[in-house]
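Structure first, then comments.
Numbering (our numbering), first residue to last: 14 to 142.
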(Lines of atoms letter the chains of each structure in order from A; the text may use other names.)
(Lines give C-alpha, C1' and ligand atoms only; values in the text may rest on other atoms or scores of the structure.)
Protein backbone atom coordinates (compact mmCIF):
# COMPACT_ATOMS: atom_id res chain seq x y z
CA UNK A 14 0.00 0.00 0.00
CA UNK A 15 1.05 3.51 -0.64
CA UNK A 16 1.30 5.72 2.41
CA UNK A 17 -0.17 9.08 1.80
CA UNK A 18 1.29 12.04 3.67
CA UNK A 19 -0.59 15.22 4.01
CA UNK A 20 1.60 18.17 3.27
CA UNK A 21 0.49 21.62 4.16
CA UNK A 22 0.63 24.08 1.34
CA UNK A 23 1.08 26.87 3.87
CA UNK A 24 4.16 26.83 6.06
CA UNK A 25 3.76 28.97 9.18
CA UNK A 26 5.91 32.07 9.15
CA UNK A 27 7.89 32.33 12.41
CA UNK A 28 7.89 36.13 12.23
CA UNK A 29 4.12 36.12 11.83
CA UNK A 30 3.72 33.90 14.90
CA UNK A 31 6.07 36.13 16.93
CA UNK A 32 4.02 39.18 15.94
CA UNK A 33 0.79 37.51 17.04
CA UNK A 34 2.24 36.18 20.30
CA UNK A 35 5.15 38.43 21.32
CA UNK A 36 5.41 37.16 24.90
CA UNK A 37 5.33 33.42 24.19
CA UNK A 38 8.47 31.88 25.55
CA UNK A 39 9.47 34.95 27.49
CA UNK A 40 9.47 34.95 31.23
CA UNK A 41 7.94 38.15 32.54
CA UNK A 42 8.21 38.05 36.29
CA UNK A 43 8.52 40.69 38.94
CA UNK A 44 11.90 41.54 37.38
CA UNK A 45 9.92 43.86 35.13
CA UNK A 46 9.00 45.95 38.17
CA UNK A 47 10.89 48.12 40.61
CA UNK A 48 9.42 50.52 43.16
CA UNK A 49 9.33 54.29 43.47
CA UNK A 50 11.25 53.83 46.73
CA UNK A 51 14.15 52.34 44.73
CA UNK A 52 14.20 55.36 42.40
CA UNK A 53 15.90 58.15 44.37
CA UNK A 54 14.90 60.83 41.84
CA UNK A 55 11.24 59.93 42.38
CA UNK A 56 11.52 60.34 46.13
CA UNK A 57 12.31 64.01 45.49
CA UNK A 58 9.50 64.39 42.92
CA UNK A 59 6.90 62.88 45.28
CA UNK A 60 7.61 64.65 48.58
CA UNK A 61 4.12 64.12 50.01
CA UNK A 62 4.45 60.33 50.05
CA UNK A 63 5.92 58.27 52.87
CA UNK A 64 8.57 55.60 52.39
CA UNK A 65 5.83 52.97 52.81
CA UNK A 66 3.77 54.62 50.06
CA UNK A 67 6.79 54.71 47.73
CA UNK A 68 7.42 50.99 48.34
CA UNK A 69 3.87 50.26 47.14
CA UNK A 70 4.30 52.07 43.81
CA UNK A 71 5.45 49.64 41.12
CA UNK A 72 7.51 51.11 38.26
CA UNK A 73 8.05 49.22 34.98
CA UNK A 74 11.71 48.65 34.16
CA UNK A 75 13.18 49.75 30.84
CA UNK A 76 12.23 47.45 27.97
CA UNK A 77 9.06 46.08 29.61
CA UNK A 78 6.12 45.80 27.21
CA UNK A 79 3.01 47.70 28.21
CA UNK A 80 -0.32 45.87 28.05
CA UNK A 81 -2.42 47.26 25.22
CA UNK A 82 -5.42 49.17 26.56
CA UNK A 83 -4.11 49.19 30.13
CA UNK A 84 -3.86 52.45 32.06
CA UNK A 85 -0.50 53.78 33.21
CA UNK A 86 0.86 56.91 34.85
CA UNK A 87 4.16 58.40 33.71
CA UNK A 88 5.79 59.86 36.82
CA UNK A 89 8.75 61.09 34.77
CA UNK A 90 6.53 63.51 32.84
CA UNK A 91 6.03 66.99 34.20
CA UNK A 92 3.30 67.05 35.31
CA UNK A 93 2.74 63.28 35.63
CA UNK A 94 -0.10 62.15 33.38
CA UNK A 95 -2.35 59.15 32.98
CA UNK A 96 -2.59 57.36 29.61
CA UNK A 97 -3.81 54.15 27.94
CA UNK A 98 -1.13 52.02 26.31
CA UNK A 99 -1.27 51.21 22.62
CA UNK A 100 0.09 48.07 20.98
CA UNK A 101 3.86 47.73 20.86
CA UNK A 102 4.63 50.29 23.56
CA UNK A 103 7.55 49.59 25.88
CA UNK A 104 8.99 51.39 28.88
CA UNK A 105 11.94 53.50 27.82
CA UNK A 106 14.95 54.95 29.57
CA UNK A 107 13.15 58.21 30.30
CA UNK A 108 9.86 56.73 31.51
CA UNK A 109 8.63 55.92 34.99
CA UNK A 110 5.44 54.03 34.12
CA UNK A 111 3.18 53.01 36.99
CA UNK A 112 0.61 50.34 36.03
CA UNK A 113 -2.81 51.15 37.46
CA UNK A 114 -3.52 47.42 37.80
CA UNK A 115 -0.62 47.11 40.28
CA UNK A 116 -1.52 50.17 42.37
CA UNK A 117 -3.90 50.59 45.31
CA UNK A 118 -6.78 52.80 44.15
CA UNK A 119 -6.36 55.34 46.97
CA UNK A 120 -2.65 55.68 46.26
CA UNK A 121 -3.42 55.94 42.52
CA UNK A 122 -5.83 58.80 43.23
CA UNK A 123 -3.13 60.62 45.20
CA UNK A 124 -0.66 60.13 42.33
CA UNK A 125 -3.05 61.58 39.74
CA UNK A 126 -3.78 64.59 41.92
CA UNK A 127 -7.22 63.80 43.32
CA UNK A 128 -7.68 66.17 46.26
CA UNK A 129 -10.83 64.65 47.78
CA UNK A 130 -9.71 63.06 51.11
CA UNK A 131 -12.43 60.41 50.87
CA UNK A 132 -10.96 59.14 47.59
CA UNK A 133 -7.36 59.17 48.82
CA UNK A 134 -7.92 57.40 52.13
CA UNK A 135 -7.05 60.47 54.16
CA UNK A 136 -10.55 61.30 55.43
CA UNK A 137 -11.02 61.31 59.18
CA UNK A 138 -13.31 58.36 59.90
CA UNK A 139 -14.98 60.33 62.71
CA UNK A 140 -16.21 62.85 60.14
CA UNK A 141 -17.95 60.13 58.10
CA UNK A 142 -20.57 59.36 60.81
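Yeah, the Cβ is synthetic: ideal placement off N, Cα and C, and Gly gets one too.
These numbers were taken from a predicted model, which means no experiment stands behind them.
- Excluding residues up to 5 positions away in sequence, 98, 102 lie with their Cβ nearer than 6 Å to the Cβ of residue 79 in the same chain.
- Annotation: the continuous beta strand (DSSP E) that includes residue 87 extends over 84-87.
- The continuous stretches of beta strand (DSSP E) do not include residue 118, which lies in the alpha helix (DSSP H) extending over residues 118-124.
- Linking residue 118 to residue 70 through their CA atoms gives a straight-line distance of about 11 Å.
- For residue 115, the CB contacts under 6 Å within the same chain, skipping 5 residues up- and downstream, are 71 in chain order.
- In this structure residue 75 is not in contact with residue 100, their Cβ atoms being roughly 19 Å apart against a cut-off of 8 Å.
- Nearest C-alpha to residue 81 among 96, 59, 88: 96.
- A residue is called buried when at least 16 other Cβ atoms come within 10 angstroms of its Cβ; residue 127 does not meet this threshold and is exposed.
- Setting aside the 5 residues that flank it on each side, residue 52 is surrounded in the same chain by 72, 109, each with a C-beta closer than 7 Å to its C-beta; the list follows chain order.
- With respect to residue 88, residue 55 sits close: the two C-beta atoms are nearer than 8 Å.
- Assigned with DSSP and collapsed to three states, residue 67 falls in helix.
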